Amino acid sequence: MLSQLRDLDLHLLRLFVTVVASGGFSAAQGELGIGQSTISTQMAKLETRLGFRLCERGKAGFRLTPKGEQVLVAARKLFAAIETFKGEAQGMADKLLGSLTIGLSEALDAQVLERVGAAIARFRQRNQAVQIELLSAMPAELERRLLQDQLHLAIGYFAGTQAALDHQPLFEEQQRLYCGRGHRLFDVASISLEQLQDEDSVHHPYRFIQLDEPWQAATSSARSEQVEGTLAFVLSGAHIGYLPQHIAAPWQARGLLRALLPEQLGFSVQFQLTHHRGRQPSEAQQAFSEDLLSAFTRARAVSG
5 MLSQLRDLDL
15 HLLRLFVTVV
25 ASGGFSAAQG
35 ELGIGQSTIS
45 TQMAKLETRL
55 GFRLCERGKA
65 GFRLTPKGEQ
75 VLVAARKLFA
85 AIETFKGEAQ
95 GMADKLLGSL
105 TIGLSEALDA
115 QVLERVGAAI
125 ARFRQRNQAV
135 QIELLSAMPA
145 ELERRLLQDQ
155 LHLAIGYFAG
165 TQAALDHQPL
175 FEEQQRLYCG
185 RGHRLFDVAS
195 ISLEQLQDED
205 SVHHPYRFIQ
215 LDEPWQAATS
225 SARSEQVEGT
235 LAFVLSGAHI
245 GYLPQHIAAP
255 WQARGLLRAL
265 LPEQLGFSVQ
275 FQLTHHRGRQ
285 PSEAQQAFSE
295 DLLSAFTRAR
305 AVSG
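Each residue of the sequence shown is one higher than the one before, counting from 5 in my numbering.
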């Protein structure tokens with residue numbers, strides 16, 4: 005009785021199918037490259053494994069038993085399924101599968117989003133069937149999700165103090181200190197650092213870059229973690245605060261914002277591609293990371 009299918013059984017079944025296709029033991033010798041006695045011995049082994057006769061052989065010629073006919077049909081189905089599996093397995097070996105969840109920092113520059121889009125386009129040209137999810141969040145939330153395995157990758161600015169996270173530089177974002185129209189310094193021709201000393205600024209409860217800000221506020225009655233909130237406070241004319249240059253540019257062009265000592269107080273923020281170093285990245289994650297880094301490298305080469 006055949007209770008488990010082994011490699012030997014597959015070998016014997018292939019021999020059986022070949023014998024039937026050839027029309028008998030004698031005719032199968034050339035196809036199989038073995039003698040008739042060996043074929044007979046192998047067939048006997050298969051019948052012993054199955055527990056019943058597959059064929060009648062003798063002076064009357066070669067003829068399948070009713071059970072032999074059923075085994076032939078089943079064996080052909082089995083080998084067809086094996087070939088299908090081999091083809092699908094080969095396809096999977098060359099194909100990226102699974103899902104990717106990628107976090108993006110808030111209020112990214114249009115050029116940055118364009119590069120992310122270029123990376124997605126390049127990734128989609130690969131042999132892949134990957135579900136991609138993009139979400140936007142503050143750095144604190146991105147970091148939390150990375151540490152809790154809720155994100156595969158994140159693009160943002162991070163302190164670099166989490167040993168569990170690995171960072172690769174992507175691009176820099178320019179920051180400037182601004183005041184809004186209506187602020188007492190908006191129309192002052194020449195501004196000094198002393199004049200900024202007691203100005204009410206916008207406090208960022210979770211901004212890694214705050215220690216890098218050339219100007220440190222002594223007073224703050226406004227609090228916002230989001231860029232949009234900071235912009236609203238600065239536009240009010242009651243507060244000054246740091247904003248990404250690309251966010252402030254359209255408002256500055258309308259005469260609603262002014263950069264304060266931009267050469268002296270401006271600085272750049274390093275944005276990074278970050279993942280959890282303790283988690284083995286999937287093939288899809290590795291490929292997308294390559295495409296993303298390539299998109300930003302090409303962009304720097306063109307701009308340079």
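Backbone N, C-alpha and C define an ideal beta-carbon position, used for all residues, glycine too. If you're wondering where the values come from, they're calculated on a predicted model, not measured in any experiment.
Check                                                                                                                                                                              : Outcome
Pull up the distance between the alpha-carbon of F56 and that of A78, whole angstroms please.                                                                                      : 15 Å
Ends of the alpha helix (DSSP H) at T69?                                                                                                                                           : No alpha helix (DSSP H) holds T69; DSSP gives it neither H nor E.
Please specify which runs of the alpha helix (DSSP H), each continuous and at least 4 residues long, are wholly inside the region 262-292, giving them in chain order.             : 266-269
For F271 versus F175, is the C-beta spacing smaller than 7 Å?                                                                                                                      : no
Please report the distance separating the alpha-carbon of F237 from that of A133.                                                                                                  : 45 Å
If distances are taken between C-alpha atoms only, which option among S298, A144, V116, G233 comes closest to H250?                                                                : V116
Out of S196, E60, Y161, T105, state which residue places its alpha-carbon closest to the alpha-carbon of Q268.                                                                     : S196
Extract the residue ranges of the alpha helix (DSSP H) inside the region 100-164, only unbroken runs of 4 or more that lie entirely within it.                                     : 114-128, 143-151
Within its chain, find whatever has a CB closer than 8 Å to the CB of Y161; leave out the 5 residues flanking it on each side and keep chain order.                                : S109, P143, E177, F212, I213, V273, Q274, F275, Q276
Give the DSSP bridge partners of Q179, in chain order.                                                                                                                             : P248, F271
Unbroken alpha helix (DSSP H) runs of length 4 or more, entirely within the region 9-82: which are they?                                                                           : 11-26, 29-36, 40-54
Any idea if D98 is buried or exposed, counting beta-carbon neighbours within 10 angstroms, 16 or more meaning buried?                                                              : exposed
Quick one: does the C-beta of L58 sit closer than 6 Å to a heavy atom of the ligand FMN?                                                                                           : By its list of ligands, the structure shown contains no ligand whatsoever, and the ligand FMN lies outside what it can speak to.
Considering only DSSP beta bridges, list what T3 is partnered with.                                                                                                                : The first residue shown for the chain is 5 and the last is 308, placing residue 3 beyond what the model contains.
Between L1 and A291, how many whole angstroms is the CB-CB distance? I'm expecting something under 8 Å.                                                                            : Nothing can be reported for residue 1, as the shown portion of the chain is limited to 5 through 308.
For G184, write down the residues that DSSP places opposite it in a beta bridge.                                                                                                   : L261
Would you list the residues sitting across from Q172 in a DSSP beta bridge?                                                                                                        : L277
So T234 and S228 are supposed to be a Cβ contact under 8 Å. How far apart are they, rounded?                                                                                       : 5 Å
Distance, Cα to Cα, G164 vs H171?                                                                                                                                                  : 8 Å
Near Q46, which residues of its chain fall below 7 Å by C-beta distance, leaving aside the five closest residues on each side in sequence?                                         : L16, L19
In terms of alpha-carbon separation, which member of T223, V21, P173 lies closest to L296?                                                                                         : P173
Which first and last residues belong to the alpha helix (DSSP H) in which G241 is found?                                                                                           : Run containing G241: none; DSSP gives neither H nor E here.
Rounded C-beta distance between F29 and I43? I'm assuming under 8 Å.                                                                                                               : 5 Å
Which of helix, strand or coil does DSSP assign to S298?                                                                                                                           : helix
Looking at the structure shown, is Q256 part of a helix, part of a strand, or coil, going by DSSP?                                                                                 : helix
Is it buried or exposed, A158, if we count other Cβ atoms within 10 angstroms and call 16 or more buried?                                                                          : buried
Going by other Cβ atoms of all chains shown within 10 Å of its Cβ, with 16 needed for buried, is S293 buried or exposed?                                                           : buried
Might you give, ordered along the chain, the residues of its own chain that have their beta carbon closer than 8 Å to the beta carbon of V231, omitting 5 neighbours on each side? : E110, A111, L247, P248, I251
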